[in-house]
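For the sequence shown, full-length UniProt numbering assigns the number 1 to the initial residue and increments by one for each residue that follows.
From the three backbone atoms N, C-alpha and C, an ideal C-beta is built for every residue, glycine too.
Note sheet for the following structure.
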Amino acid sequence: MSSDETSQIRTLFGPVFIGLIISSVFSGASVIQIIAYTRNGKNDSFGQKLAVWFIWSLDILHLSFMVHMIYHYLVSFPTDGKLVWSFPAHVLIQVIILPAAQWLYIARIWKITPRGYKYVPSILSLLVVINLAGIFTVVKLFQSSTIQARNDIPGKKAVTIFFSMTTSLDILIAGTLCCALAKAGTNLRWTNSNVTMLLAYLVNTGAIVSLFSISALIIAVKSPGSGLFLAIGAISTRMYVNSLLGMVNARHYFQPRKAPMALVLRSETSSQHNSMDETTQRVSKTINEVGLPLFQRTTTPEQEIRMLEVMVKKEAHACAIE
């Protein structure tokens, strides 16, 4: 391998190494979030637990493949121009994580959307299926034998199309979820902070990922085969996972302490009995709880004022006075 080709490999994987460091920080955050979810989401449906753990496991696997790829090209075999197996493998995991995370957001949209508008999440799901054509790019990468060949494969255009579709879907999903949550009337009534309200919407709708996807799309259009593009792709994968974990944990991040139950004791001497009313406050779900947990039918609890009446019976005891 010539010195020019070696220099090209180092130039390619230099930005990827920086992206690996940044994405590792996000992976650490995802570990903290999965621990928090394990502790707080014990009552969630099995389907949601399985989906969350599956995506988080793929994220760790994706990071492992990237570490192997970087170590191979920058440490073990810096002059090796052949395409190592972990290169296309990490791309394959990436194109699985992105649609999977989008489907979970769509599942929440489906649960909170009125029956007359169920076609909206159905269309979004269909677009996600179409976007799975990004696997075509991975197939072409497996067929390539060298690093340089990856720039000549027909799948290079598919990379741009894939990120264009992904970014468009992110924006549509975030916008649809924002509208659905707003129409549901589930506001954060326990706070007057606009900052907290904004953070809650950003976490619950994946809007942060949408903003990051726009920058990834710009780089994908400008230089789809560059190291910066691969670095942004690695970071975006971590953003998806952390955003999803943030959504399922938002009810614990933003939820205040529950108000104590109020007990009112009422005495009626005329009827010679006492009654005690047990009153529960009406607590409406906020945007942090509505539509969750996923894959489990949610029922709207009707808060009722429950009355517990305690009858006190008086008995006259005759006392003999001697």
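CB of Ile171 within 8 Å of CB of Ser122, strictly: no
Beta-carbon proximity list for Gly19, same chain, < 6 Å, skipping 5 on both sides: Ala231, Ala234 and Ile235
Contact between the segment 238-248 and the segment 36-54 (3+ Cβ pairs under 8 Å): yes
Beta bridge counterpart(s) of Lys82 as assigned by DSSP: Thr146
Closest residue to Asn288 among Phe212, Ile219, Ala200 and Gly81 (Cα-Cα distance): Ala200
Inter-residue CB distance, Ala220 and Val159 (contact presumed, cutoff 8 Å): 6 Å
Run of the alpha helix (DSSP H) containing Lys222, from where it starts to where it stops: Ala207 to Lys222
Cβ contact (3+ pairs, closer than 8 Å) linking the segment 93-113 and the segment 22-34: no
Proximity below 8 Å, CB of Leu294 to CB of Gly47: yes
For Val91, the nearest candidate out of Arg251, Leu74, Met69 and Ile130 (CA to CA): Met69
contact_flag[the segment 113-133, the segment 163-178] where n(CB pairs < 8 Å) is 3 or more: yes
Range of the contiguous alpha helix (DSSP H) that encloses Gly246: Gly227 to Tyr253
Close Cβ partners of Val138 (< 7 Å) along its chain, the five nearest in sequence each way excluded: Pro88, Val91, Leu92 and Val95
6 Å CB neighbourhood of Tyr105 in its chain, flanking five on each side removed: Ile173 and Gly206
Tyr240 burial status per 10 Å Cβ neighbour count (16 or more: buried): buried
Start-to-end residues for the alpha helix (DSSP H) that takes in Ser122: Tyr119 to Asn131
Given Thr237 as reference, the closest of Ala216, Val195, Ser223 and Pro78 once Cα atoms are compared: Ala216
DSSP-derived helix/strand/coil call for Asp44: coil
Neighbourhood of Ile321 by C-beta distance below 8 Å, restricted to the same chain and skipping five residues each side: Because the pLDDT at Ile321 is just 47, under 50, the model does not fix this residue reliably, and the value given afterwards should be weighed accordingly. Correct list: empty, nothing qualifies.
Residue 323, DSSP secondary structure in three states: The structure shown does not extend to residue 323, since the chain is modelled only from 1 through 322, so no value can be given for it.
Gly227 to Lys183 span [Cα, whole Å]: 43 Å
Three-state secondary structure (DSSP) of Phe77: coil
Nearest candidate by alpha-carbon position, reference Ile32, set Val290, Asn249 and Phe13: Asn249
Own chain residues within Cβ distance below 6 Å of Leu63, not counting five before or after: Ser27
Coil, strand or helix - Ala51 by DSSP: helix
CA-to-CA distance, Asp59 to Met66, given in whole angstroms: 11 Å
Of the residues Ile9, Gly41 and Lys49, the one placed nearest His72, counting alpha carbons only: Ile9
As assigned by DSSP and simplified to three states, the class of Thr298: Confidence is the limiting factor: at Thr298 the pLDDT is only 48, short of 50, which leaves the residue's position unreliable, though a coordinate-based value still follows. Coil.
Rounded C-alpha distance that separates Leu127 from Val120: 11 Å
Through-space distance from Val290 to Asp80, alpha-carbon basis: 52 Å
Proximal residues to Leu12 (C-beta, below 6 Å), its chain only, five neighbours per side dropped: Gly227
Status (buried if at least 16 other CB within 10 Å, exposed otherwise) for Arg251: buried
Burial state of Phe229 (16 or more Cβ within 10 Å): buried
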